[in-house]
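Engineer: Just so you know, the numbering used here puts 663 at position 149 of the sequence shown, and the rest follows in order with no gaps.
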Amino acid sequence: MFVDQVKVYVKAGDGGNGSVAFRREIYEPKGGPAGGDGGNGGDVVFEVDEGLNTLMDFRYQRHFKAKRGENGMGKSMHGKNADPLKVSVPPGTTVKIAETGEVIADLVTHKQTAIIAKGGRGGRGNIRFTSARNRAPEIAENGEPGEELEVQLELKVLADVGLVGFPSVGKSTLLSTVSAARPKIADYHFTTLAPNLGVVETSDHRSFVMADLPGLIEGAHEGVGLGYQFLKHVERTRVIVHVIDMSSFEGRDPYEDYVTINRELKQYDQRLEEKPQIIVANKMDMPEAENHLQGFKEKIDADIQVYPISAFTKEGLHDLLFAIADLLDKTPKFEMQEEKEEERVVYRHKQEEDDFKITRDSDGAYVISGNKIERLFKMTDFSHDESVQRFSRQLRKLGVDNALRKRGASDGDTVRLLDFEFEFIE
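Okay, structure coming up:
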């Protein structure tokens, strides 16, 4: 079992701004307020699609942004809510907050959904602020900002394809050539000590997971070398790609390598012999490789297909990948079995945070921060005096004034909130 993972940025839509508008009447120059509310911003929603089995698509698109709601209009017309942005993910995808590692969604079944980023509420128009003391308010809210965060997607996968073969036959080079994986490659045995995972995509957009498994040696079924560690991973693959060094660079006979590897697989578990297998003759760019290939073909059954390639020069890779994809299309999938049952988390809301906090900058200014107070600030339309006065009242109600006094703020001190500065007045 392997873990494929990728980080993506999601941004929910901002709410639309509320409108300041008035009904014009013959006997009342201003009439009554008629500014409608802004529409809600779109959520970013992840939805399970059972047709997907990798996170390949997220390597090409890593930013997802939902649309903002429409602004409110006159005549009490509200702005339209934005549609949610639905993002398809494969079954078994776990979504974590990248910064903290907190799991916010565990998506398992087809069509299961989770809201990953919540769209902002639409700002209220001036029709919402009418009171007996203020019959024609010139005040409206900006839309609430949508949530934005970086999340890490993790998908536990069974490799579709397992690369097997003696050490140094070119498995790591092949994987690095056909995928974005970057395994360690060197001219000594057992460079690969743990499986490397890569997602491969063919030119007709079929994708599959390929694993470069540690080199197998004679006696592995008895625990020699990496032994059972290697063979356990082979069990979890659907198709075996048997890579053979056709150059005989290390003095080994290609046919003897082929027989030895298959014997080890069978002696470990006879069911491995039944797995579909593709034979790859690698290093065909080397001298004498063509002669060795002809000799190899004479010793195996005539109906066994051998794919000659050079992972180094990329010769023959197109036909090989298509052959693997075609074989996978005909090979049934099997269910992943967890070693232990874990609690499934559909969605966990964030813990409540303080309304605000106060710190000091190096120049002595008091800095106010916090999600709630920053959200109120962004929703305030400072082009209207009544909106500014309302924001001041909100600060006092939250206890900001008293908190500044406790921190030692006095008349004339500078207070910062995001990019806005104002003077503290007793």
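Ideal Cβ placement from N, Cα and C applies to all residues, glycine included. The model shown is predicted, which means the values in this text are computed figures rather than measured ones.
Assign G913 to buried or exposed, taking buried as 16 or more other Cβ atoms, counted over all protein chains shown, within 10 Å of its Cβ.
Structural biologist: Counting from one through the sequence shown, the residue named residue 913 turns up at place 399. Under this definition G913 is an exposed residue.
Engineer: Between the Cα of E661 and those of F578, R537 and S824, spot the shortest distance and give me the residue it belongs to.
Structural biologist: Stepping through the sequence shown from its first residue, residue 661 is reached at position 147. Out of F578, R537 and S824, F578 has the C-alpha closest to the C-alpha of E661.
Engineer: Quick one: measure Cβ to Cβ for R907 and P659, integer angstroms, because I've assumed they're closer than 8 Å.
Structural biologist: The residue given as residue 907 occupies position 393 in the sequence shown. The residue given as residue 659 occupies position 145 in the sequence shown. R907 to P659, Cβ: 21 Å. No contact.
Engineer: Could you pull out every unbroken beta strand (DSSP E) segment of at least 3 residues lying fully inside the stretch 556-641, listed in chain order?
Structural biologist: Counting whole runs of 3 or more residues, the stretch 556-641 contains the beta strand (DSSP E) stretches 558-562, 577-579, 599-603, 607-611, 617-621 and 627-631.
Engineer: Report yes if the C-beta distance between G639 and D551 is below 8 Å; otherwise report no.
Structural biologist: Taking the sequence shown and counting its residues from 1, the one referred to as residue 639 is at position 125. Taking the sequence shown and counting its residues from 1, the one referred to as residue 551 is at position 37. It is a contact, given that the beta carbons lie within the stated cut-off.
Engineer: Below 8 Å on the Cβ atoms is my guess for G712 versus K797; work out the distance and round it to an integer in Å.
Structural biologist: What you label residue 712 is simply residue 198 of the sequence shown in a count that begins at 1. What you label residue 797 is simply residue 283 of the sequence shown in a count that begins at 1. Not confirmed; about 20 Å, so no contact.
Engineer: Which residue wins for smallest C-alpha separation from T928, given the options E900, E584, H898 and Y880?
Structural biologist: Counting from one through the sequence shown, the residue named residue 928 turns up at place 414. Nearest C-alpha to T928: Y880.
Engineer: At what residue ranges does the stretch 873-925 contain a whole run of the beta strand (DSSP E), taking only runs of 3 or more?
Structural biologist: The qualifying runs are 880-883.
Engineer: Kindly indicate which three-state DSSP category G532 falls into: helix, strand or coil?
Structural biologist: By 1-based counting over the sequence shown, the position of residue 532 is 18. Three-state DSSP puts G532 in coil, outside helix and strand.
Engineer: Under 8 Å between the Cβ atoms of R582 and A596?
Structural biologist: Taking the first residue of the sequence shown as position 1, residue 582 is located at position 68. Taking the first residue of the sequence shown as position 1, residue 596 is located at position 82. A contact, by the Cβ cut-off of 8 Å.
Engineer: Measuring only from the beta carbon, is A580 closer than 7 Å to any heavy atom that is part of the ligand SAH?
Structural biologist: Although the ligand SAH was asked about, the structure shown includes no ligands whatsoever.
Engineer: Can V773 and A795 be called in contact, C-beta distance under 8 Å?
Structural biologist: As a first step, residue 773 must be located in the sequence shown, where it is residue number 259. As a first step, residue 795 must be located in the sequence shown, where it is residue number 281. Their beta carbons are not under 8 Å apart, which means V773 does not touch A795 by this criterion.
Engineer: Measuring straight from C-alpha to C-alpha, what distance separates V902 and T894?
Structural biologist: Taking the first residue of the sequence shown as position 1, residue 902 is located at position 388. Taking the first residue of the sequence shown as position 1, residue 894 is located at position 380. Rounded to the nearest angstrom, the two C-alpha atoms are 7 Å apart.
Engineer: Which one of D840, G606 and R647 has the shortest CA to CA distance from V675?
Structural biologist: Position 161 of the sequence shown, counting from 1, holds the residue named residue 675. Checking every option, the nearest Cα to that of V675 belongs to D840.
Engineer: Give me the residue from G549, F722, T608 and A526 with the minimum Cα distance to T568.
Structural biologist: What you label residue 568 is simply residue 54 of the sequence shown in a count that begins at 1. Considering only alpha carbons, the answer is F722.
Engineer: Could you tell me whether the Cβ atoms of A825 and T687 are closer together than 8 Å?
Structural biologist: For this step, residue 825 is matched to residue 311 along the sequence shown. For this step, residue 687 is matched to residue 173 along the sequence shown. For A825 and T687, yes; Cβs fall inside 8 Å.
Engineer: Pull up the CB-CB distance for N531 and G657, whole angstroms please, since I reckon it's below 8 Å.
Structural biologist: For the purposes of this step, residue 531 is identified with residue 17 of the sequence shown, where counting begins at 1. For the purposes of this step, residue 657 is identified with residue 143 of the sequence shown, where counting begins at 1. N531 to G657, Cβ: 5 Å. Contact.
Engineer: Relative to the alpha-carbon of V603, which residue among V534, R910, D563 and I792 has its alpha-carbon at the smallest distance?
Structural biologist: Numbered from 1 along the sequence shown, position 89 holds the residue referred to as residue 603. Of the listed residues, the one whose Cα sits closest to V603 is D563.
Engineer: Would a C-beta distance cut-off of 8 Å place F680 and I630 closer than the cut-off?
Structural biologist: In the sequence shown, the residue the question calls residue 680 occupies position 166. In the sequence shown, the residue the question calls residue 630 occupies position 116. Cβ atoms of F680 and I630: not closer than 8 Å.
Engineer: In terms of residue numbering, what span does the alpha helix (DSSP H) encompassing I838 cover?
Structural biologist: Taking the first residue of the sequence shown as 1, we reach residue 838 at position 324. Run containing I838: L831 to K844, per the alpha helix (DSSP H) assignment.
Engineer: Could you check whether G529 and G546 sit closer than 8 Å to each other, using their CB atoms as the reference points?
Structural biologist: The count along the sequence shown starts at 1 and reaches residue 546 at position 32. The count along the sequence shown starts at 1 and reaches residue 529 at position 15. Contact: no.
Engineer: Which value, in whole angstroms, describes the spacing of the CA atoms of R720 and L566?
Structural biologist: Position 206 of the sequence shown, counted from the first residue, corresponds to residue 720. Position 52 of the sequence shown, counted from the first residue, corresponds to residue 566. Distance between the alpha carbons of R720 and L566: 10 Å.
Engineer: How is A966 classed by DSSP in three states: helix, strand or coil?
Structural biologist: Since the first and last residues shown for the chain are 515 and 940, residue 966 lies out of range.
Engineer: Taking 8 Å as the CB-CB limit, is G549 close to chain B?
Structural biologist: Going by chain labels, chain B is absent from the structure shown, which holds only one protein chain.
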